[in-house]
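Residues 1 to 352 in full-length UniProt numbering are what the sequence shown lists, from first letter to last.
Just so you know, even glycine gets a beta-carbon here, dropped at the ideal spot from N, CA and C.
Given the structure is predicted, the values throughout are model-derived calculations rather than measurements.
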Amino acid sequence: MSKINSDLSRRRLLFGGAAVGAGALLTACTSNEAAPTTAQTKAADTSGGGNAAPGTKVTIGFSAPAADHGWIAAITNNAKAQAATFSDVEFKSVEAGADAAAQRAALSTLIAQKPTVIVLLPHDGKELNSFGLEAMAAGIPVVNLDRAFPDARAYRTQIMGDNYGMGVAAADYIIAQMKAKGVGSPIIGEIAGMDELELTQTRSKGFTETLAAAGFKVANRRAARFTVDSGQQEASQLLQALPRMDALWNHDDDQGVGVLAAINQASRKEFIMVGGAGSKQAIETIQADNTVLKATVTYSPSMASSAISLARLIGQKKGLADLVELQVPKEIVLASETITKENASSYIQLGF
């Protein structure tokens, strides 16, 4: 799996059994190269009419960074697949380029084509804020995906995952497991993503604050780079620093492949591990129940499918069918859910 390019480092998000060797783990990648499952897209039943029935033709412009990570790849794949479920949607994608400036230039050409709505996963929300303002001023609604624009005028709707909630969910699971085992002062480790990113800081904040409310704390924390190699490197150092451990949270399931490799190399089994994002490989590992990985907390790229559906409704001047309001909401934050062996079968099709 490729390392994250330095030009994307400002804002890249992302997310085997015990007998599998470290080499095999390191060659694995958690991204799902196949087409999205029917669970990752949602074609509405048109038999009942309403929002599901074909309506006014909507052209949706789309842009997202290059797929150098499983989560990013799934974002684009899900968006394309979701658009294809609607007979009244035309999908126009433009290359995002290597950085925010290149994406900005590509998006300017998209504005010139005058799509009905634009769905955008920006390289950097702050740097692309001016584009959002330009598109909105031109009468083209923008659905901003995941990476927040600081100015609310720069988007019609913003749909995001809950980074703070990821930390809360991971901590809640660990707290419950420690209490069930009667461990009063657990030794807890944390392997974060890229520390310079706000999303990483927010995840860690949710984790530490929730642990603190239960009287727990993080004994050792390492920051990786959302890659397999960095996950293995940082996990190896953390395991050396903590000869005994009760629980570990790894922020990202892609780098978690390397984390598990390091754990297997060290022959460590005395603790439980929680992952992050909800990759297909992580969910399958949880189902197999033969490693320390017992849960993962979601940050699902299925949000791209939802963004396309919202863009269609905005373009057709419709609201969400189950809401009283006549328009699509301004902000949608998706909850971070906890996947365990008990409910993994319900989530496996959402894994990327």
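Note that the C-beta distance between A223 and I174 is not below 8 Å.
One alpha carbon belongs to L107, the other to L326, and they sit about 29 Å apart. With contacts defined as CB atoms closer than 8 Å, M136 and R156 qualify as a contacting pair. DSSP, read as helix, strand or coil, puts L248 in strand. Around S345, the same chain offers Q287 as residues with beta carbons nearer than 8 Å, after the five sequence neighbours per side are excluded.
Around the beta carbon of R312, 16 or more other beta carbons lie within 10 angstroms, which makes this residue buried.
It is roughly 13 Å from the alpha-carbon of V58 to the alpha-carbon of N51. In the three-state reduction of the DSSP assignment, E95 falls in the coil class, being assigned neither a helical nor a strand state. With fewer than 16 other Cβ atoms inside 10 Å of its own Cβ, A152 counts as exposed. Pairing K205 with G167 gives a Cβ-Cβ distance under 8 Å. In the displayed model, R225 falls within coil according to three-state DSSP, outside both helix and strand. The closest CA to that of G70, considering only D252, V119 and L145, is found on D252. Under the three-state reduction of DSSP output, E134 falls in the helix class. Taking the C-beta atoms as reference points, P115 is found nearer than 8 Å to I60. By the Cβ-count criterion, K280 is buried, with 16 or more other Cβ atoms from all chains shown falling within 10 Å of its own Cβ.
Within the DSSP bridge table, the entry for F62 names S93 and V119 as partners. Closest in alpha carbon position to E198, among I188, R147, V228 and S309, is R147. Using a C-beta cut-off of 8 Å, the region 110-128 makes contact with the region 138-147, since at least three inter-stretch Cβ pairs fall below that distance.
Pairing M245 with I187 gives a Cβ-Cβ distance under 8 Å. Spatial neighbours of T210 in its own chain (CB-CB distance under 7 Å, excluding positions within 5 residues in sequence) are listed in chain order as G167, V168, A171 and D172.
By the beta-carbon neighbour count (other beta carbons within 10 angstroms, threshold 16), D254 is buried.
Short of 6 Å from the beta carbon of G132, and not among the five residues preceding or following it, lie these beta carbons of its own chain, in chain order: V142, F149, A154 and Y155. Cβ neighbours of I283 within its own chain (closer than 8 Å, five residues either side excluded): T296, I339, A344, Y347, I348 and G351.
Taking a 10 Å sphere around the C-beta of P54, we find fewer than 16 other C-beta atoms and assign the residue as exposed. For L313, the enclosing alpha helix (DSSP H) has its first and last residue at M303 to G315. The beta-bridge partner set that DSSP reports for V218 consists of I188.
CA-CA distance, E134 to N264, rounds to 51 Å. Here the C-alpha atom of V328 lies approximately 7 Å from the C-alpha atom of I314.
Short of 8 Å from the beta carbon of R268, and not among the five residues preceding or following it, lie these beta carbons of its own chain, in chain order: L239, M245 and V292.
For the pair N290 and N250, the Cα-to-Cα distance works out to about 18 Å. DSSP links N264 through a beta bridge to no other residue. Taking C-beta atoms as the reference points, V228 and G258 count as a pair closer than 8 Å. Scanning its chain for C-beta atoms nearer than 7 Å, with the 5 sequence neighbours on each side dropped, one finds around A321 the residues G50 and N51, in chain order. When DSSP states are grouped into helix, strand and coil, I348 belongs to the helix group. G278 sits away from G256, with the two beta carbons spaced by 8 Å or more.
With fewer than 16 other CB atoms across the displayed protein chains lying within 10 angstroms of its CB, E90 is exposed.
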